[in-house]
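Per the UniProt record's numbering, residue 1 is the first one in the sequence shown, and the count goes up by one each step.
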Amino acid sequence: MSTQTSSRPIFQLRKELSESCAADVTDSNYTADISTEKSTSLEKPSTTATFNNANKILTENEVYTVSRLTSELPSSLKRDNDESQQTIGFIDTSLRKALMCDRDNIFIWNYDSRQRDTPSIRIPLHDEVESSLSESPACLITTPLAAYESTTGNSEDDNRRMEINTSAGNCGVIIFEKQTGRITYYEDVESINNLYPQLSKAMSHSLDLNLAQNERITKVLNLEPAGIIVATSLGAVHFITIRDNIGKPRITLKQTLIKAHRGLLSQFFRGSQQEATTDNSHAIVSLKQGPVMGKGERLLYITTKCGDFQVWQLGVSSKTFRRINVNVFNKILESLQDLYPFAYGSLKLIDSHPLLSDSMNVQLFLSTITDNNNMFYIISTIILDEKFGAYSIFSTYRLNTMNLPTPSEQNTPRLLIPSSLEQNNKSIASVFVLFQNCLVITQISSKLDSSFTLKRKWEDIISFNEDINVIGYGYSMNSLYIISKEVGGIMRVELKDSDDTTTTQDLEETRFVKSHVEQATYFSNASLNNPIEFNLPPGLSIDREVIEHDLLLCNDGIFGSTSKFIPNASSNLEQHLNSRINYYKNFLRFIELNFNNNISPNLKLQLIENFETVNCALRFLQCLDKKDNVSARLNTIWLSVLSKNNIQLEDLIVKQLDKFPLIFIEFLKSVDFDTESNQFKCKLINLLISCFYEAILEDGERTVRYDMFKLDPLEVNDEKLPWYINYEILNFVNNLFFNYKFSIKAEAPTDTVKKEQFLTLLKILYYFFNQIKLWRTQAEREIDQTNLDLVAKLYDNNHTAWNDVLCELNYKEQSIRITDFYQDFESLVQTLETLDGQDSLYEQFFEKFDYDFASTLFSYYITNNKLSKLFYRFPEQHHQLVRFFEENIDKYRNISWIQNIMDDDYSKASMDLVKLNLLGNSIVKNQTYLNIAKLSGLVDETNIDVDALNEIQSRLDLIDGEIDLKNKLKQHAIEINSRYEKTPFKKIYDETSEKLQKGITIPFNQVIEQYSLLNDAESFFCALKLIAFNSNSIEYEIKKFLIATLWRRCILSDKFITEYDTSKQLSDSMVYQVLEGFFGQELFLSDIALPSVNAVTDRYIVTEEYLTNTYGEFTSNENDISQIRNCIEQDIQEVSEIAQLGVHLHTIINAANESTGNQCVVNYETNTIEPN
C-alpha cells in the first residue's frame, strides 16, 4: 500500500476526540505467554516531548476503530535495532500500564498518556559489566500495597476482604526467570527505577521453584487478590501468594495445583488415548481468571492440550480446592467428525476463555484441525454442570476468514472475550482471536438460547503488515491493546458502543467486502507506515455477486461523494476532487490485488470510466483556473453552459458528477475556434490533452485498464461505450486538429511543442476510434447504426490525412509506430512510401502482418498507378499478390490479367478480361482489354474456346459501334431525328451523346437507342447489325422490343411509306435500303425478324418493368417514365394509321430480296424467312 510522507493524513476524515484512557474494568485475564519474538524495523525517536489530544486512527468501520495511541514506546526500546534481541510485553488495563522487557531491561509506562515521548520506568536485569540474560524473563504487573483496603467494616471479622482499588498510580512487578524458576517480586517499581540490580535486591522478595532439569516456565497469570499462577513445560501449575493475609508483601508457594508429568509411568494415569500419543499432551494451553469470590478468593480456569479442563477456587488464607475437572477433547472431536472427517488425528486444543464475568459454567474453547496445508480454527461453546461434573456442547463455529497455519506453538492464537470482564445484559458477545499477523473478530450468543435465530452474528478480520510482530496485548471491556515494536507504540482495537437492537440488526448490514474495501480506500494513506494490511487474507471464498454488489456500493460512495469518509466540499473544489481521485486510486488498487480475477470485465470498465470522469473533471477545472486570458474566456463559456443547464458548479462537482460528461460535451460544442487566434487554439488543445490524454488515456486506460486490471483490449463494455467516445467529441477534436494545422502553416518552422500537440491529438483520435471499432465487433445488443456510420465516415475521410500532417512535421517515425500499433495499414503504407530505400521496413511488416499489410500495399500501388512496383518491387511476395487478385478479382480484373500473363496463364487472363465490367469505363481501354483478351484466347491453339472468342468479338463489335457514334458526333455528322426533338428522347439522346463524346462505354440497349433516334438508313442498319452480332447474349423480350423499335422508327422516317410518294424511286425508301443490307449480309441468319405490321404496332411489349429498367438510368421520376411511354405509344399509333402498310412492306421486302439475288425464301403469310 502506498504511504505518504507525513504522519498526518492529507484529508482529516473526521474530528478525532481525545481518547478516553480509563479502562472499564480490570484486565483480569492477561496471561503472559512466553515468546521469543524478534523486533524488526523501528521508528526514529522523537527528539522532544510532544503532545497530542487524539490517537491516530488507522482504520475503522461500523463495528470497530483501530487507532495508534499517542504514547510511543520508550526511547531506548525504539533505538534498539538488534534483531536477535528477544522482546516480550503485555498491558494491564486496570492499572493503565504497559510493560516490555528484553534480556537487559524491563520498561513500564503509562500507555494512555497524551504525551508522545512518555516517561518510563526502567528496571535493569543485570549490572552493566554482566552479559545479557539468555532469554527475556516473563513479567507481571501487580497492584500496589496501598490498593488493598478493608471493605467490610466489621471489626469482629478477622479475615478482611481484599479488593483492588484501581485508582492507585504506582504498581509492583514480578519477574520470572523461565529456565531457573527464580521469581523476584518488587512491590514498588518507582523505588527501583534505574537502580542497579545489586541495590534493588534489598527491596525484592524472591522465591525459587526448583524446576527440574528440562523444565521451564511457560505461562504466568496474575490472579490477584488471591496471588499468581505459574505453569511449566512439564504441565505443572503452581499457586503462589505474594502477600500474607493482612496484605503485607510475602511471596510463597502455597500449593502445586497440578504436579509435573515426568517419565513413562505418567502415561498410565492419562485419561484418553489421545493423551498417550502426545509427549506434551499435558502442556498447559490456557490459564484464565474467574470472578473474585470474596475474602481474597478468586476462581482459576486451567486447560491442557489433551482437553483437561479444571476450575479451582484459590485464596490467600482460605483453603484451595478444585470445583470442576472434566475432559472436553473427545466430545469436541465428536462434534466435528461428521462435517470434518480429518479432525480425527489433527484436532488440537490451543486456548479457552470464560464467556461470562460472573459464571464459570460457560466456557469457549479454541481448537484447530488440519487438512493438507489448511488449518481450520474452531470455537466450541461448552456449558458445564458443577453439581454433576458434566458438560454439553452448545455450539460449534469455524472461523471463515482465517485458515493459514500458525508458524509455531509459541505463536498460537489467543482467544479473548472483552465483554467477559464485566457483567452485561447484551445478547451478543464479541470474541477476539488474536493471531501473530491478524485479529479475527466474531460474535456469539451470550444468552445461550438454542432458539436464538443467529448464534454467529458476524465475522471480520484485521490483518497486519507482514513485518509486524505482536509482542504483547491486553484488553478491557470494549478494547484490545496490541504492542508492537514495528508500530512504535500500541494499537487499540475498540468496539463501538451499540445497544442490543443495533447489534442484532445493523451488523447484518455490515457487509464484509464493503467494509474492507472502504477501509483500504479511505485509510491506506491515513498514516505513515500504517501497520494495517488492508488486503484480504488468501483463501477466502466469496460469491462473485456479493463482491460486485459491494464494489458498486463503494464506487457510488466515491463517485457520488456520498461516503461519510469524504470531507465536505470546501471552497476549493479542485482539492475536493483530488481527494476523491486519491480514494479512487486506493479503491482500484485494492480491487487489483484482491478481486482482479473475481469480477466481470463490464464492472471493471464501469469503475474505470467513473474514475476517468472524476479525473477529467479535475483536469478541466485546473485548466480553467489558470491565470491567462484564454483560460478566462474558456471559463466564461463554461459558466454560460452551466447557467443554461441551471446548475451550480459546486452542485455539479459534489452531487451530480454524473451530469458532467454531457455538460462538458456541450461546452466543447459551444467553443467556436474557427476565427480564434492560434494562442487560443493552442490553449484549447492543451485542455483537450489534459482532459482526454492525461486524465483518461494515461491515468485511466493505460494505468488502470491495462497495467492494473490486465484487461484484454478486446474486452469492452457490451452495454455502452464510455461517454467520451462519441461523434461530437471525435468531430470536435478532428476539426481542431486540421484547423490548427492550417492556421500555423504560415508559421515556419513548427516548434517541437506544437509537433507534440499534433502527435498527442492523433493518439487521442486513434484510441477513441479504435474503441468504437472494437465495441462494434463485440457488442451483442442493438446499436445506433446511424451514429456509428457517421463515426466510420469521419474516420475514413481523415485518418490518412492525420498521418500526412505528421509526415509534414517530419514525425514519420511516430506515424509508423502509431499506424503499426492500431493496424491502420492504409496510413502505414502511405507513410512508408514517403521513405526512400526502406525495403527492410516493408519486410518487417510483411512478416508481422502478413497478407493484411500486403493487400493494403498492393491496393495503394494500384490506386496510385504504381504498377511497376506492384509487380516487380517485392517478388518474394508473389504468392500474396496472386491471393490478392483472387480475393479481389471483381475489383481488379483490369490489373490481374497482367499477373496472369506474367505467370503464362493466358486463358485465365482472357477469361478475366472477358468478365470485366465495361460500362462506365473508357471505350478505348475497353477495346484494348478485349483485343488482349482475344489474343490471349488464341495463344493456346490446342485449347481455343470458340464461344468465349465469339463473345469477345461481339463486345468488340459493340465497342466499334460506340466508336462510330463517337466519331460521327465529333464530326457533327449526325443529329437527332427532328421527330424526337421535343420529346423525352431528346434528353436521353443528349446524355448518351455526352457520354460517348467523353469516351465512356454505355450499355448495349443505349447504343441501339442512340442509333434509332437518328434519321439515316445507315444508322438503322448499324443498329440492326449490332443486334445480329449480339443475338445470343440478348434476352428474347429485349431483342423483340429493340427490333420492333428500330423497324417502327425506320418506317416513320421513310417518306416513301408514310407519304406514298410515287414520284420517288423504291430505292430511295429508307426501309428498302436497310433491308437491302439485311439480305445482303444475311442478318436473317441471326434470327432478326423482318418488318411486319404486327411487330411495329404491338403495344404489349411496352411494359412498365421494361421502361423502368431501360430508362431508369436517365430519370427516376414516374412522370418522366410516363411521358416516354406516351411517346412510344404515339409512334405505334402513327404507324398503325399508315394506309396499306402491309402491302408496302411486302413490296419493299420482295424488291430488296430480289436485288440481292433472292438468297432466301420469304413466307409473306407469316412474314418469316424459310430455308432456301
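Where a beta carbon is used, it is the ideal one built from N, C-alpha and C, also for glycine.
Predicted model only: the values in this text are computed from it and were never measured.
By the neighbour-count criterion, in which a residue is buried when 16 or more other Cβ atoms sit within 10 angstroms of its Cβ, lysine 970 is exposed. In this structure, Asp1054 is the residue among Cys306, Asp1054 and Ser395 with its C-alpha nearest to the C-alpha of aspartate 1068.
Buried is the label assigned to tyrosine 584, since at least 16 other Cβ atoms lie within 10 Å of its Cβ. Counted as a single uninterrupted DSSP element, the alpha helix (DSSP H) harbouring aspartate 947 occupies residues 946-970. Counting only residues of its own chain and dropping the five nearest sequence neighbours on each side, leucine 642 has a CB closer than 8 Å to the CB of Gln648, Leu649, Leu652 and Ile663.
Shown here, alanine 429 sits in a strand according to DSSP, grouped into three states.
Within the segment 174-240, the runs of alpha helix (DSSP H) at least 4 residues long that lie entirely inside it are, in chain order, 197-200. Boundaries of the alpha helix (DSSP H) around serine 840: 839-849. Judged by DSSP in its simplified three-state form, glutamate 62 adopts coil rather than helix or strand. Residue state for isoleucine 1169 is assigned as strand, using DSSP reduced to three classes. DSSP, read as helix, strand or coil, puts arginine 243 in strand. In the three-state reduction of the DSSP assignment, alanine 1139 falls in the coil class, being assigned neither a helical nor a strand state. Runs of the alpha helix (DSSP H) spanning 4 or more residues and lying entirely within the segment 1092-1141 occur at 1093-1096, 1104-1111 and 1118-1136, in chain order.
Cβ-Cβ distances below 8 Å link glutamate 991 to Phe1114 in the same chain, with the five nearest sequence neighbours on each side left out; the list follows chain order. Contact between isoleucine 88 and glycine 472 holds, since their C-beta atoms are separated by about 6 Å, short of 8 Å.
Between the alpha carbons of proline 1091 and glutamine 1010 lies a gap of roughly 20 Å. According to DSSP, arginine 122 shares a beta bridge with Phe107. A direct Cα-to-Cα measurement between phenylalanine 885 and threonine 942 gives close to 27 Å. DSSP places isoleucine 818 in the uninterrupted alpha helix (DSSP H) bounded by 812-821. Rounded to the nearest angstrom, the Cβ distance from lysine 986 to isoleucine 976 is 6 Å, consistent with a contact under 8 Å. With contacts defined as CB atoms closer than 8 Å, lysine 812 and leucine 835 qualify as a contacting pair. Here DSSP, grouped into helix, strand and coil, assigns arginine 633 to helix.
Shown here for asparagine 803: same chain residues with a beta carbon closer than 7 Å to its own, the five before and five after excluded, namely Ser815, Thr819, Ser827, Gln830 and Thr831 in chain order. Looking only at Leu1052, Ile1038, Met293 and Phe590, the smallest Cα-Cα distance to alanine 520 is reached by Phe590.
Secondary structure of serine 346 (DSSP, three-state): coil. The C-alpha of glutamine 443 is placed about 13 Å away from the C-alpha of serine 420. Going by beta carbons, lysine 254 and glycine 227 fall inside the 8 Å limit. Within 10 angstroms of the beta-carbon of leucine 639 lie fewer than 16 other beta-carbons, which makes it exposed.
Here DSSP, grouped into helix, strand and coil, assigns serine 367 to strand. When the alpha-carbon of lysine 496 is set against those of Gln679, Val63, Pro984 and Ile932, the nearest one is in Val63. Your pair aspartate 912 and asparagine 900 checks out as a contact, with CB atoms roughly 6 Å apart and the cut at 8 Å. DSSP places leucine 668 in the uninterrupted alpha helix (DSSP H) bounded by 660-670. Annotated as distal: aspartate 543 and arginine 511, with beta-carbon spacing of 8 Å or more.
For the set Phe680, Tyr727 and Asn598, the Cα lying nearest the Cα of leucine 634 is the one of Phe680.
Excluding sequence positions up to five before and after lysine 447, its CB lies within less than 6 Å of the CB of Ser427, all in the same chain and listed in chain order.
The DSSP-derived three-state label of glutamate 833 is coil.
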